[in-house]
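Participant:
There are 2 protein chains.
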Amino acid sequence: MSEIPLPPWRRAVAKRPRAAKAPLSQDQIVDAGLRIVMAEGIDAVSMRRVAAAFDTGASSLYAHVANKEELLQLMFDRICGEVHTPEPEPARWQEQIKEMARDSHAVMSRYNNLARAALATVPTGPNALRVSEAMLAIMLSAGMPPQVAAWSLDRLFLYIVADAYENSLHMENMRPGLETREYFEGFVTQLRDFYGDLPADRFPNIRAHATTLTSGDGDQRFEFGLDMLVDGLARYLP
Amino acid sequence: MSEIPLPPWRRAVAKRPRAAKAPLSQDQIVDAGLRIVMAEGIDAVSMRRVAAAFDTGASSLYAHVANKEELLQLMFDRICGEVHTPEPEPARWQEQIKEMARDSHAVMSRYNNLARAALATVPTGPNALRVSEAMLAIMLSAGMPPQVAAWSLDRLFLYIVADAYENSLHMENMRPGLETREYFEGFVTQLRDFYGDLPADRFPNIRAHATTLTSGDGDQRFEFGLDMLVDGLARYLP
DNA sequence: TCTACCGACGAACACCGTTCGAGTCAAGTA
DNA sequence: TACTTGACTCGAACGGTGTTCGTCGGTAGA
Chain A
1 MSEIPLPPWR RAVAKRPRAA KAPLSQDQIV DAGLRIVMAE GIDAVSMRRV AAAFDTGASS
61 LYAHVANKEE LLQLMFDRIC GEVHTPEPEP ARWQEQIKEM ARDSHAVMSR YNNLARAALA
121 TVPTGPNALR VSEAMLAIML SAGMPPQVAA WSLDRLFLYI VADAYENSLH MENMRPGLET
181 REYFEGFVTQ LRDFYGDLPA DRFPNIRAHA TTLTSGDGDQ RFEFGLDMLV DGLARYLP
Chain B
239 MSEIPLPPWR RAVAKRPRAA KAPLSQDQIV DAGLRIVMAE GIDAVSMRRV AAAFDTGASS
299 LYAHVANKEE LLQLMFDRIC GEVHTPEPEP ARWQEQIKEM ARDSHAVMSR YNNLARAALA
359 TVPTGPNALR VSEAMLAIML SAGMPPQVAA WSLDRLFLYI VADAYENSLH MENMRPGLET
419 REYFEGFVTQ LRDFYGDLPA DRFPNIRAHA TTLTSGDGDQ RFEFGLDMLV DGLARYLP
């Protein structure tokens, strides 16, 4: 497998040949971080907490990882490996784009709010690149102009990541006892009543459409925005 | 001006009648927070830092603000007051939607990464509601089905906020010495070279279109995504 | 066998959000 | 007028955070 050069702005912290046999490794650290993020969310991921998984102090991690930000980036790229990348079939490019978007969205939702790591910088890890390459291939093979494909890729991932991140932030406010479903229903009910009680002189439309505004779950809304984007994209086909 | 009821899930911390004349007030606290966010970014906004503007300790703030999260929400709603809300002109609804989107985006970009506060919860402050109401009015007056208008509103704001937030996170990584322009150019150059040096067997499309992928500044990309969304939206008009 | 040197790791630094409890002072009441 | 009440201020403290520093130990190469 060919080598990917390191992105130039990342400190080459791990490129020195490790001399002693190490009880710690970057992979293990990323594993531990992912275990914590799945169990307790990203706010539980602290350097001390990750180090505690190896019965050591936080400072031990800094030999393998430049800082917390880099650790989160590595964790994000790891989960990008779970996204499937189909072979392009130009005839059904729209459906393929949507499939990849749904898959990416599902993966990022599975790992709580790790999506923020993707918002913070341009993902340059091998797995993230693999996903981008596949999406680009689908659009180009469908005959999309390169500039349109390039920018669409950017905007689509922004949308996917932002939606996953927003959902994860909402989950964070959830009381630990409640189920996701009943928390969500209670939230929607409160919001609908709040909209319905707004003064009619200043907010006639929000008030009148309180029910419509609060209808639809996260998946329906994600799908609706995805349709908007892909429909808007299809207009650029020659 | 008619009263907006408090959203039910917010602790009614400020609804008690304040008896003594207060040297501190919620408005002043929000002002101080905004001053800090403009000067040094949202990460510089801490309860101690805000309190220091009044020569006091952090605990003094908790009489006027439930916690930091509420303070950020209040700050966000304050800046929403700077967004212009035009009267609907059905004939040019698309342009009006884009104008409001650009205006909202510009306001949120002006105040560094305060946009995250908007991602965290559904904005229910008076100014945020005013903006939503105006956008809803434009779409409904153009003949858009209510359900489409409702979900579009949600998706459009997600897009606006996410783009502003992403940009602000990039700004955060900037070295303090550099100008925004030269930092951005250096970043793009590095990224283009990185893409161009990728192995051709695994990433042929990214490698071949390295220049195209990295072309266009933040405004162009925002505008492109906005076009995608609004074009996709226009298809729902009867 | 000796000597570098890399990695582990405890301690410390400078922060953070929030809580607690004592003190202060104006307004309402007897 | 005297007393009580209660909101507000605010120093101190608690339990966290990311990161740095300096020491120490053990392995690899000479």
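These protein sequence lines map, in sequence, to chains A and B.
In terms of this note's numbering, the first sequence has 200 at position 200, counting the first letter as 1, and numbering is strictly consecutive.
Just remember that this note's numbering sits 238 ahead of the position in the second sequence, which is counted from 1.
Positions of the beta carbon are idealized from the N, C-alpha and C atoms, including for glycine.
#1: Report yes if the C-beta distance between V275 (chain B) and V283 (chain B) is below 7 Å; otherwise report no.
#2: May I ask you to verify whether the region 334-342 of chain B touches the region 290-310 of chain B, counting CB pairs closer than 8 Å and requiring at least 3?
#3: Helix, strand or coil for T450 (chain B)? Go by DSSP, reduced to three states.
#4: Under 7 Å between the Cβ atoms of A117 (chain A) and M108 (chain A)?
#5: Suppose you measure from the CA of P383 (chain B) to the CA of L310 (chain B); what does that come to, to the nearest Å?
#6: Secondary structure at P384 (chain B), three-state DSSP: helix, strand or coil?
#7: In the structure shown, what three-state DSSP assignment does V426 (chain B) receive?
#8: Excluding sequence positions up to five away, which residues of its chain have a Cβ less than 6 Å from the Cβ of D43 (chain A)?
#9: Which residues, taken in chain order from the region 110-129 of chain A, show a beta carbon closer than 9 Å to some beta carbon of chain B?
#10: According to DSSP, is L198 (chain A) part of a helix, a strand, or is it coil?
#11: Are the Cβ atoms of D231 (chain A) and G470 (chain B) separated by less than 7 Å?
#12: Can you find a CB in chain A that lies within less than 7 Å of the CB of H447 (chain B)?
#13: Locate the alpha helix (DSSP H) running through D43 (chain A), then write down its first and last residues.
#14: Apart from the five residues on each side of it in sequence, which residues of its chain come closer than 6 Å, Cβ to Cβ, to P88 (chain A)?
#15: Can you give the Cα-Cα distance for E40 (chain A) and E70 (chain A), rounded to whole angstroms?
#16: Do C80 (chain A) and N127 (chain A) have their CB atoms nearer than 7 Å?
#17: Among residues of its own chain, excluding the 5 on either side of V426 (chain B), which ones have a beta-carbon nearer than 6 Å to its beta-carbon?
#18: Quick one: give me the first and last residue of the alpha helix (DSSP H) that V360 (chain B) is part of.
#19: For I42 (chain A) and chain B, any beta-carbon pair shorter than 7 Å?
Facilitator: This is what the structure gives:
#1: yes
#2: no
#3: helix
#4: no
#5: 34 Å
#6: helix
#7: helix
#8: none
#9: R116, L119, A120, T121, V122, T124, P126 and L129
#10: coil
#11: yes
#12: yes
#13: Where D43 (chain A) is concerned, there is no enclosing alpha helix (DSSP H), given that its DSSP letter is neither H nor E.
#14: A137, I138 and S141
#15: 20 Å
#16: yes
#17: T452
#18: That residue, V360 (chain B), is in no alpha helix (DSSP H); it is neither H nor E in DSSP.
#19: no
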